[in-house]
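Structure (structure tokens):
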């Protein structure tokens, strides 16, 4: 299983950051916990650095995993940070990241958030005419000229995305055809108008479809740039690089994606927009596969012929793994007996969390080696949209610890 | 709309606990917030008191809404509290409730939780042989005789439940056919064996199906009682009373349910088990309809012909309303412009939350009166499985306030 081999193992036990999982559990002091592997995150960044053109910056969308240590690690290894709330902005700035390297996107920014963003000097990716006007007012309140990019809702949709966030009517961004009017208005209102953000969808595993989307994004950016009242200095091409969650998923052909981006950045964007920076914004792709959720077997029971492992974690920490975060069809995330990752499967078991609801299902009829009370069970792909995307207060269990190893 | 009429209105604005919503928003001091109506909760209890037999206790499953003020209110108006974690147990005991009136259910109770429960003197509803043995050990550690009831996985399934939690193989409870063996073992180990808990499913809107399930539950309890080594003093019949969330849902015929329960308790249970208490355990039914989630419009935008209201709340507070908590098909919870509940609808709008994800959808193409930035939008049915069942840390927005009015 590639998932386990990426982390490594020692004496039959999973390792994270080189530490055997039972020792790590002792170090953490309680289960369940999330462990993120520093090496795997940095290897992913290095992979991208080796493939992407120098001129293309890598941004980290910290919503994927806002653990401060993870954000610090990425702040020092990628070029930009994207935030989606005032709290995330503080986490980003606390790393020492230059405000000019921080972008703030998302619909529904409040007046207070806009004022904080203006005061911080980050790039505000405005999502509507109304938000642009409120940003202008925030600049007046704070007495600082707002730095603005326009988030564009493209006039095309991307196929193959796990979540579509562009094309047709959307709550995200300004419809492409309205952008020239908005640029004129924003320029006249005195904001610093840096450029554009186009984000059309997330979790795409098709290099071809991503390449098509990126090419159309470049078409759109170049067309919009003609009407730009100020030199274009910022182009955020979005991201949407998917990761394989399930056995039938094929990993994204990142070489093909990078080759296409190289052609677009070097062949089209740089000549046309020489003053601009270009950024791909990635969240899940940088961290999802570097995380594991570790939970301990509390009960092993047989009910009418079915074996259940009841663990001390559950959907309150890993909602996505339970199939309740946007999935239409529930599939199992990769799961392993963490202290016996080299052992052959010997039984079919259902792994359930400790919540008193049938929704709390972590592994439905999975093949595993024998596990008993006290053993550790690992759920993979827990590095992104895990803890913070889960209902941690549900049923009042203690919050899990996170460690970056 | 019955939802709004239950709360009431004044000068065209929704009221909660008799307080106009805009005044309540000022009192709370920030949006979004949850407001629970004390009167509606007490009216629901009074309705049940008037219909159910005196001999049948009402229990509140505090997982539905563990806000301490709500739990206090119900602790003083119902007969028993059910908890699903050590934290919920503390909330229950903090109300001053007698430990004997508190039951602790749920798979995956840890050794520490079992020791806390034994020390507290609450009734532990054991879910397996293993958990029973660990409860015996907890009693030895604490030096107190455990008070135990056996949660039974029935040998039948209940049709019509939103979530099935009994019948076939289950992580919940002990298979009915194994209960006699477990009773002998538990009795021999010296625990106080009080009786049984049978909970077959939740969110059932059919009085007929509930009546069938209750009759079969009574059959099962009476059959198991024959083998009980100690007098049966506790029978928890479960609950599963549903509430109507959507326009096509028909409210549960509570009179029919109560009449059936009266027949069962007076005609069958009391004569057979004269020393026993009997309890129905309700969560959602007591509180769901008494709560409203109030959020403010931050942006109003038109994208390619569609009107979007972007509000400062979202799925991070009301996951169920976004359709991401176990629903197979997403439907809109009732939604209203809270400051204009008497006004006629005049447009079709989509209400989205402030999170940067298309999952954050609160009202998909709903008919509403005109709402602008600053107006309050209310999402109903927010009294149960709302705040604590939602990923509050997602994207790092501030936690909402809860008020009981």
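Chains as they are written, first to last, in my numbering: chain G, 72 to 476; chain V, 72 to 476. Using N, Cα and C, we set each Cβ at its ideal position, and we do this for glycine too.
Legend entry - Through-space distance from residue 303 of chain V to residue 235 of chain G, alpha-carbon basis: In a straight line, the C-alpha of residue 235 of chain G is about 57 Å away from that of residue 303 of chain V.
Legend entry - Inter-residue Cα distance where the pair is residue 309 of chain V and residue 118 of chain V: If you take the alpha carbons of residue 309 of chain V and residue 118 of chain V, they lie about 18 Å apart.
Inset, instruction - Report the rounded CA-to-CA distance for residue 237 of chain G versus residue 198 of chain G, giving the unit in angstroms. - result: Between residue 237 of chain G and residue 198 of chain G, the alpha-carbon positions lie close to 12 Å from each other.
Inset, instruction - Flag this pair as yes or no: are the beta carbons of residue 222 of chain G and residue 196 of chain G separated by less than 7 Å? - result: Taking a C-beta distance under 7 Å as the contact criterion, residue 222 of chain G and residue 196 of chain G qualify as a contact pair.
Legend entry - Buried versus exposed, by CB contacts within 10 Å (16 or more), residue 493 of chain V: Outside the displayed span of chain V (72 to 476) sits residue 493 of chain V, for which this structure offers no information.
Inset, instruction - Tell me, please, whether the stretch 418-428 of chain V touches the stretch 331-338 of chain V by the rule of three or more beta-carbon pairs shorter than 8 Å. - result: The stretch 418-428 of chain V vs the stretch 331-338 of chain V: no contact.
Inset, instruction - Can you grab the Cα-Cα spacing for the pair residue 72 of chain G / residue 407 of chain V, in whole Å? - result: Here residue 72 of chain G scores only 42 on pLDDT, less than 50, and its place in the model is too uncertain to base an answer on.
Legend entry - Cα-Cα separation, residue 371 of chain G to residue 202 of chain V: Rounded to the nearest angstrom, the two C-alpha atoms are 9 Å apart.
Inset, instruction - Can you give me, in chain order, the residues of the stretch 364-390 of chain G that have a beta carbon less than 8 Å from any beta carbon in chain V? - result: So the list reads 369, 370, 371, 372, 374, 375, 376, 377, 379, 381, 382, 383, 385 and 390, given in the order they occur along the chain.
Inset, instruction - Scan the stretch 170-186 of chain G for residues whose Cβ lies nearer than 8 Å to a Cβ of chain V and list them as they occur along the chain. - result: Answer in chain order: 176, 177, 178, 179, 180 and 181.
Legend entry - Amino acids of chain G, ordered along the chain, whose beta-carbon sits closer than 7 Å to that of residue 138 of chain V: Within chain G, no residue has its beta carbon less than 7 Å from that of residue 138 of chain V; the closest one is some 11 Å off.
Legend entry - Interface partners of residue 429 of chain V on chain G, CB under 7 Å: Residue 429 of chain V reaches chain G at 234, 235 and 236, counting residues in chain order whose Cβ is nearer than 7 Å.
Inset, instruction - Name the two residues that bound the continuous beta strand (DSSP E) containing residue 274 of chain G. - result: From DSSP, the beta strand (DSSP E) with residue 274 of chain G extends over 272-275.
Inset, instruction - Kindly indicate which three-state DSSP category residue 298 of chain G falls into: helix, strand or coil? - result: Coil.
Inset, instruction - Within the stretch 158-237 of chain G, note down every full beta strand (DSSP E) run reaching 3 residues or more, in order along the chain. - result: Within the stretch 158-237 of chain G, complete beta strand (DSSP E) segments of at least 3 residues are found at 173-175, 194-197, 218-224 and 232-235, given in chain order.
Inset, instruction - Would you verify that the beta carbon of residue 471 of chain V is, or is not, closer than 7 Å to some beta carbon of chain G? - result: The C-beta of residue 471 of chain V comes no closer than 7 Å to any C-beta of chain G.
Inset, instruction - With hydrogens ignored, establish whether the beta-carbon of residue 123 of chain V is closer than 6 Å to any heavy atom of the ligand ADP. - result: Judged by which ligands are present, the structure shown has none, so any question about the ligand ADP falls away.
Inset, instruction - Determine the closest residue to residue 349 of chain V out of V:317, V:229, V:306 and V:282, with distance taken between C-alpha atoms. - result: Residue V:306 is the option with its Cα nearest to residue 349 of chain V.
Inset, instruction - Counting only the same chain and skipping the five closest in sequence on each side, list residues whose C-beta sits under 8 Å from that of residue 215 of chain V. - result: Scanning its chain for C-beta atoms nearer than 8 Å, with the 5 sequence neighbours on each side dropped, one finds around residue 215 of chain V the residues 189, 190 and 192, in chain order.
Inset, instruction - Would you tell me roughly how many angstroms separate the C-alpha atoms of residue 454 of chain G and residue 360 of chain G, rounded to the nearest one? - result: Between residue 454 of chain G and residue 360 of chain G, the C-alpha separation is close to 6 Å.
Inset, instruction - Could you round the C-beta distance between residue 132 of chain V and residue 313 of chain V to whole angstroms and report it? I think they count as a contact, below 8 Å. - result: Rounded, the Cβ-Cβ distance is 14 Å, inconsistent with contact.
Inset, instruction - Answer yes or no: does any C-beta atom of chain V fall closer than 7 Å to that of residue 451 of chain G? - result: Interface residue (Cβ-Cβ distance to chain V less than 7 Å): residue 451 of chain G is not classified as such.
Inset, instruction - Starting from residue 241 of chain V, find everything on chain G with Cβ-Cβ shorter than 9 Å and list it in chain order. - result: Within chain G, 374, 375, 377, 379 and 429 have C-beta atoms less than 9 Å from the C-beta of residue 241 of chain V, given in sequence order.
Legend entry - Contacts around residue 116 of chain V, its chain only, beta-carbon distance under 8 Å, and the 5 residues preceding and following it disregarded: Within the same chain, 129, 145, 148, 149 and 357 come within 8 Å of residue 116 of chain V by CB-CB distance, once the 5 residues on both sides are set aside.
Legend entry - Candidates G:298, G:318, G:392 and G:325, of which the one nearest residue 275 of chain G by Cα: Closest by alpha carbon: G:325.
Legend entry - Positions along the stretch 296-307 of chain G whose CB lies within less than 9 Å of some CB in chain V: The stretch 296-307 of chain G vs chain V, Cβ under 9 Å: nothing.
Inset, instruction - Can you pull the chain G residues whose beta carbon is under 8 Å from the beta carbon of residue 463 of chain V, in chain order? - result: The contacting residues are 462, 463 and 464.
Legend entry - Boundaries of the beta strand (DSSP E) in which residue 434 of chain G is found, first to last residue: Unbroken beta strand (DSSP E) run through residue 434 of chain G: 432-439.
Legend entry - Three-way DSSP call (helix, strand, coil) for residue 72 of chain G in this model: Only weak support exists for where residue 72 of chain G lies, its pLDDT of 42 falling under 50; the value from the coordinates is given anyway. If DSSP states are grouped into helix, strand and coil, residue 72 of chain G belongs with coil.
Legend entry - Per DSSP, the bridge partner or partners of residue 91 of chain G: Residue 91 of chain G pairs with G:86.
Legend entry - Segment limits, alpha helix (DSSP H) that includes residue 473 of chain V: Where residue 473 of chain V is concerned, there is no enclosing alpha helix (DSSP H), although the beta strand (DSSP E) it sits in stretches over 472-475.
Inset, instruction - Flag this pair as yes or no: are the beta carbons of residue 385 of chain G and residue 431 of chain G separated by less than 7 Å? - result: With contacts defined by Cβ atoms closer than 7 Å, residue 385 of chain G and residue 431 of chain G form a contacting pair.
Inset, instruction - Compare the beta carbon distance of residue 271 of chain G and residue 240 of chain G with 7 Å and say whether it is the shorter of the two. - result: Pairing residue 271 of chain G with residue 240 of chain G gives a Cβ-Cβ distance that is not under 7 Å.
Legend entry - Inter-residue Cα distance where the pair is residue 228 of chain G and residue 249 of chain G: Taking the CA atoms as reference points, residue 228 of chain G sits about 17 Å from residue 249 of chain G.
Inset, instruction - Just mark residue 317 of chain G as buried or exposed, buried being the case when its beta carbon has 16 or more other beta carbons within 10 Å. - result: Flag for residue 317 of chain G reads exposed.
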